[in-house]
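Structure first, then comments.
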Amino acid sequence: MSQQVQTELEVDQYTLGLVGPEQEWAGTVADGGTVRTHTPPACWGPMITPEFRGGHEVTRPIRVDGAEPGDALVVHIKDVEVTSVATSTGSMAEREGAFGDDPFVDHVCPECGTEWPESIVEGTGEDAIRCAECGANASSFGFEFGYTVAFDEDRSVGLTVGPEGADDLANRAHEAMALPENSRQHPILLYKPDEIPGTLGHLQPFIGNIGTTPSREFPDSHNAGDFGQFLIGADHDWGLENEEELDARTDGHMDSNDVRPGATLICPVEIEGAGLYVGDLHANQGDGELSLHTTDVSGKTELEVELVKDVDLDGPMLLPNESDLPDIARPYTDEERAAGAELADQYEVDDVRDAAPVQFIGSGATINDATDNAFERAGNLFGMTEGEVRSRCTFTGGVEIARLPGVVQLSMLAPVDVLEACNLAETVREKYGL
24 MSQQVQTELE
34 VDQYTLGLVG
44 PEQEWAGTVA
54 DGGTVRTHTP
64 PACWGPMITP
74 EFRGGHEVTR
84 PIRVDGAEPG
94 DALVVHIKDV
104 EVTSVATSTG
114 SMAEREGAFG
124 DDPFVDHVCP
134 ECGTEWPESI
144 VEGTGEDAIR
154 CAECGANASS
164 FGFEFGYTVA
174 FDEDRSVGLT
184 VGPEGADDLA
194 NRAHEAMALP
204 ENSRQHPILL
214 YKPDEIPGTL
224 GHLQPFIGNI
234 GTTPSREFPD
244 SHNAGDFGQF
254 LIGADHDWGL
264 ENEEELDART
274 DGHMDSNDVR
284 PGATLICPVE
294 IEGAGLYVGD
304 LHANQGDGEL
314 SLHTTDVSGK
324 TELEVELVKD
334 VDLDGPMLLP
344 NESDLPDIAR
354 PYTDEERAAG
364 AELADQYEVD
374 DVRDAAPVQF
384 IGSGATINDA
394 TDNAFERAGN
404 LFGMTEGEVR
414 SRCTFTGGVE
424 IARLPGVVQL
434 SMLAPVDVLE
444 ACNLAETVRE
454 KYGL
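FYI, the working numbering numbers position 63 of the sequence shown as 86, with every residue one higher than the one before it.
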């Protein structure tokens, strides 16, 4: 069914935790157009709401006019605005009996056995989420260790609060989390955890789950090589038979704190229309997301999208802000280029190859598996052996952990002639002003 192509598209409709080609389109944006989204928190809210089939609440997919499998979708992140005034987070504890194989996916009421039960809220605290059918506590998760954070007006710092502050925020949880009108999750502030009070944290918002629609349906939080491991052998509708079936993922769930305003994301197009989706905004996070969860918030994004034809991407690439690159992977200065030219004359090197920064996202069961995945993706795109990829990344880049257990960012200074051969040189030059 054709849709009107818009140069500017506002999106405020969400899925119940799934990404895939069967999801209803949010609308169609033109190549070169602007997308603005208003998204609810991901992770904790959907995790405690048993109606959800995945651990996030992301937008319906956005169709990009003219996008075809084999293209690349370039997403310029212009703005990320946090609208929540507080959130709760921490490390999780699973509630036995409230799920089948996977506490993020196949929810079941532990008392009446209803699958993905409708739920209601009664009071506050970790027993507040009740099965609408029988009244039992129907949430799959509680906190192993949890805290509640209030933000300043400018969203520049957050402060963890004690029992009084957490209780106050729990009693106005929807308002404080600023849940969008069409959100269907219960706000995690209801749980009112209150550990480590008085801790001040720096805020730097970013997008935790953003990417293109995979060719098969996945729970949105499992569209990655680490969380996707839970699907292998699972006895539910999204179970996979083997690791090879997980290759259909597009790694939208990156949790890289470098996916923030100013960065450019390059995504593989696997279905007609690309199916860009957005969600899981975070107020801040240290590298690795060591608790597996961080400060989930409602918020707004502004994105500009453009297509590059015929780019054989196996997974996402990221062009971070220059300040977020490892020092060794930053663009050459004029002084460095001049020094390189002198060395070339001295040692009779005919050609000093110009190069520019790129990062490959890799994911897998472990950090080592994720790094191997990034090596493979870089080698496939650039036509390099693994040895060359490893060498270039050692001499001009490195690997950073986006999320434990298995998402990485592999940096290198890629030869510009190689970028030209895969149609990405213009995109990289534009990002870094080269």
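Quick reminder that beta carbons are idealized off the backbone N, C-alpha and C, glycines included. Keep in mind the model is a prediction, meaning the values are calculated, not measured.
Query                                                                                                                                                              : Result
With a 10 Å radius around its C-beta and 16 neighbouring C-beta atoms as the bar for buried, classify H61 as buried or exposed.                                    : buried
Answer yes or no: do G77 and G248 have a C-beta to C-beta separation smaller than 9 angstroms?                                                                     : no
What are the start and end residues of each continuous beta strand (DSSP E) run of 3 or more residues lying completely inside the segment 248-336, in chain order? : 287-291, 297-305 and 322-331
In the structure shown, what three-state DSSP assignment does C154 receive?                                                                                        : strand
Using DSSP's beta-bridge definition, name the partner residues of I71.                                                                                             : Looking at the DSSP assignment, I71 forms no beta bridge with any residue, so it has no partner.
Taking only the alpha-carbon atoms, compute the straight-line gap between V131 and E204 and give it to the nearest angstrom.                                       : 26 angstroms
Rounding to the nearest angstrom, what Cα-Cα distance links I211 and W67 in this structure?                                                                        : 6 angstroms
Given L39, which residues of its chain have a CB within under 6 angstroms of its CB, disregarding the five upstream and five downstream residues?                  : F75 and R76
Going along the chain, which residues of its own chain have a beta-carbon closer than 8 angstroms to the beta-carbon of A393, five neighbours each way excluded?   : G248, D249, G385, S386, G387, G429, V430 and V431
Among E358, I230 and P84, which one has its Cα closest to the Cα of P284?                                                                                          : I230
With burial defined as no fewer than 16 other Cβ atoms inside 10 Å of the residue's Cβ, what is the status of F174: buried or exposed?                             : buried
DSSP state of Q27, grouped into three classes?                                                                                                                     : coil
Is it a yes or a no for the segment 437-456 touching the segment 291-300, going by three-plus beta-carbon pairs under 8 angstroms?                                 : no
When you compare only the Cα positions, how much space is there between W139 and P73?                                                                              : 5 angstroms
Ignore the nearest five residues each way along the sequence and tell me which others in T222's own chain have a CB closer than 8 angstroms to its CB.             : Y170, L182 and T183
Measure the Cβ-Cβ separation of L342 and Q382 and say whether it is below 9 angstroms.                                                                             : yes
How about S321 and S206: do their beta carbons lie closer than 9 angstroms?                                                                                        : yes
So what does DSSP say about K454, is it helix, strand or coil?                                                                                                     : helix
Measure from the alpha carbon of G251 to the alpha carbon of each residue in D54, N160, E266 and T324, then state which is nearest.                                : E266
From this set, T417, R415, Y355 and G410, which residue's C-alpha is nearest G456's C-alpha?                                                                       : Y355
List, from N- to C-terminal side, the alpha helix (DSSP H) runs of 4 residues or more that fit wholly inside the segment 166-241.                                  : 186-193 and 196-200
Give me the residue from V105, G262, T324 and D150 with the minimum Cα distance to S124.                                                                           : According to the sequence provided, residue 124 is Asp. The question's Ser does not apply to it. That would be G262, whose Cα lies nearest to the Cα of D124.
So, is L202 buried or exposed, given that buried needs 16 or more other C-beta atoms within 10 angstroms?                                                          : buried
If you follow the alpha helix (DSSP H) that D368 is in, where does it begin and where does it stop?                                                                : D357 to Q369
Thinking C-alpha only, which one of V331, D102 and E411 is nearest V451?                                                                                           : V331
What are the boundary residues of the alpha helix (DSSP H) that S414 is part of?                                                                                   : E409 to T419
With C-beta atoms as the reference, is P84 less than 9 angstroms away from G302?                                                                                   : no
Compute the minimum distance between the beta carbon of V103 and the heavy atoms of the ligand NAD, and state whether it is under 8 angstroms.                     : In terms of ligand content, the structure shown is empty, and the ligand NAD therefore cannot be addressed.
Taking all protein chains shown into account, decide if I152 is buried (16 or more other Cβ within 10 angstroms of its Cβ) or exposed.                             : buried
If you measure between the beta carbons of G113 and H305, is that distance less than 9 angstroms?                                                                  : no
Quick one: what's I143 bridged to in DSSP?                                                                                                                         : R153
On the DSSP bridge list, what partners appear for N21?                                                                                                             : For residue 21 there is no data in the structure shown, the boundaries of the chain being 24 and 457.
Helix, strand or coil: how does DSSP classify R400 here?                                                                                                           : helix
Under the three-state reduction of DSSP, which class applies to V128: helix, strand or coil?                                                                       : coil
Is the distance from the Cβ of S107 to the Cβ of A189 below 9 angstroms?                                                                                           : no
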